[in-house]
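Q: Count along the sequence shown starting at 1, add 112, and that's the number in this note's numbering.
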Amino acid sequence: MRLSRFAALTSAFFVTTALALTGASAAASAQLPAATGYVALGDSYSSGVGAGSYDSASGSCKRSAKAYPALWAAAHSPSSFQFTACSGARTGDVLSGQLGPLNSSTGLVSITIGGNDAGFADTMTTCALQGESACLSRVAQARTYIDTTLPGRLDGVYDAISRKAPAAHVVVVGYPRFYKLRGTCIAGLSEKSRAAINAAADAINGVTAKRAADHGFTFADVNSTFSGHELCSGSAWLHSVTYPVLESYHPTATGQSGGYLPVFASAA
Numbered sequence: 113m114r115l116s117r118f119a120a121l122t123s124a125f126f127v128t129t130a131l132a133l134t135g136a137s138a139a140a141s142a143q144l145p146a147a148t149g150y151v152a153l154g155d156s157y158s159s160g161v162g163a164g165s166y167d168s169a170s171g172s173c174k175r176s177a178k179a180y181p182a183l184w185a186a187a188h189s190p191s192s193f194q195f196t197a198c199s200g201a202r203t204g205d206v207l208s209g210q211l212g213p214l215n216s217s218t219g220l221v222s223i224t225i226g227g228n229d230a231g232f233a234d235t236m237t238t239c240a241l242q243g244e245s246a247c248l249s250r251v252a253q254a255r256t257y258i259d260t261t262l263p264g265r266l267d268g269v270y271d272a273i274s275r276k277a278p279a280a281h282v283v284v285v286g287y288p289r290f291y292k293l294r295g296t297c298i299a300g301l302s303e304k305s306r307a308a309i310n311a312a313a314d315a316i317n318g319v320t321a322k323r324a325a326d327h328g329f330t331f332a333d334v335n336s337t338f339s340g341h342e343l344c345s346g347s348a349w350l351h352s353v354t355y356p357v358l359e360s361y362h363p364t365a366t367g368q369s370g371g372y373l374p375v376f377a378s379a380a
């Protein structure tokens, strides 16, 4: 009986102490300023290549006023908006040149990254110019990189984001499939090449989604909104081979506003 009474008193003491500490912690948290700034990181799919209306001050980074980060910021008026995404960026470029604006007041971060690491531009150039056999070989090379090397590169970027902006909600945005198979295209790449490119897009999204989830980030899949608007769909939200060549295989302005923005807005 005495032991039971002692145990009960001890339990009551620890419960009371725990509640007091929890209350103190909650009160302290309530006094901290809310993290509300927004920083947009990433590659050309975030900077808005293909959408036009580029900020001349962004130079070769080609940041567009019609890119989904700029559209979201204009609609939601975050306390601050820093747009560092850049055309051609790889994971190393994000680490070396895009993370400066991140800090404890950053409440939201968006990023698309990994496509250039996997050789996106070279793969599409090979497929467009060298035929099916060369295309399939280049896609297979990209798939090997996606499976073996890209996960570690993504981890490095995601770890750095977490360190520099510990309070941020991070949305990792994926890439759309490029082609509607058995669609309206009567020339260009073979159906087998188109299917391989779509499968590579699925592979990079799968790896990215897994690494994002393991870091506590949200993955935003844009294939739902781009469905019916791929190349060869008859209503494409992606450029095919076009001029300037840099814009080839990138979302149009409608692809940014109708394909990327709603998915990001929902995740954010």
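For each residue, glycine too, the CB sits at the ideal point set by N, CA and C.
A quick note: this is a predicted structure, and the numbers were derived from the prediction, not measured.
1. By the three-class DSSP mapping on this structure, what secondary structure does Ile309 have?
2. In terms of residues, what are the limits of the alpha helix (DSSP H) holding Gly209?
3. Across the segment 247-259 and the segment 215-235, are there enough close Cβ pairs to call them in contact, namely three or more that are closer than 8 Å?
4. Are there 16 or more other CB atoms within 10 angstroms of the CB of Pro278, so buried, or fewer, so exposed?
5. I need the straight-line Cα distance from Thr337 to Leu350, nearest angstrom please.
6. For Pro356, does the three-state DSSP call read helix, strand or coil?
7. How is Gly268 classed by DSSP in three states: helix, strand or coil?
8. I need the straight-line Cα distance from Asp326 to Thr320, nearest angstrom please.
9. Tell me the residue span of the alpha helix (DSSP H) that contains Thr224.
10. Is Gly367 buried or exposed, if buried means 16 or more other CB atoms sit within 10 Å of its CB?
11. Looking at Val353 and Ala240, is the spacing between their C-beta atoms short of 8 Å?
12. Among the residues of its own chain, which have a CB less than 7 Å from the CB of Tyr291, if the five just before and after it don't count?
A: The answer reads as follows:
1. Position 197 of the sequence shown holds residue 309. Residue state, collapsed to three classes: helix.
2. Mapped onto the sequence shown, residue 209 falls at position 97. Per DSSP, Gly209 belongs to the alpha helix (DSSP H) from Thr203 to Gly209.
3. yes
4. Taking the sequence shown and counting its residues from 1, the one referred to as residue 278 is at position 166. The residue in question, Pro278, is exposed, as its Cβ has fewer than 16 Cβ neighbours within 10 Å.
5. Looking up residue 337 in the sequence shown gives position 225. Looking up residue 350 in the sequence shown gives position 238. Those two C-alpha atoms are separated by around 12 Å.
6. For the purposes of this step, residue 356 is taken as residue 244 along the sequence shown, with counting starting at 1. If DSSP states are grouped into helix, strand and coil, Pro356 belongs with coil.
7. On the sequence shown, residue 268 is found 156 positions in, with the first residue counted as 1. Helix.
8. In the sequence shown, the residue the question calls residue 326 occupies position 214. In the sequence shown, the residue the question calls residue 320 occupies position 208. Distance between the alpha carbons of Asp326 and Thr320: 10 Å.
9. As a first step, residue 224 must be located in the sequence shown, where it is residue number 112. Not the alpha helix (DSSP H): Thr224 falls in the beta strand (DSSP E), residues Thr218 to Thr224.
10. By one-based count along the sequence shown, residue 367 stands at place 255. So Gly367 ends up on the buried side.
11. Position 128 of the sequence shown, counted from the first residue, corresponds to residue 240. Position 241 of the sequence shown, counted from the first residue, corresponds to residue 353. Cβ atoms of Ala240 and Val353: closer than 8 Å.
12. Taking the sequence shown and counting its residues from 1, one reaches residue 291 at position 179. Counting only Cβ-Cβ distances below 7 Å, and skipping sequence neighbours, we find Arg306, Ile309, Asn310, Glu342, Leu343 and Cys344.
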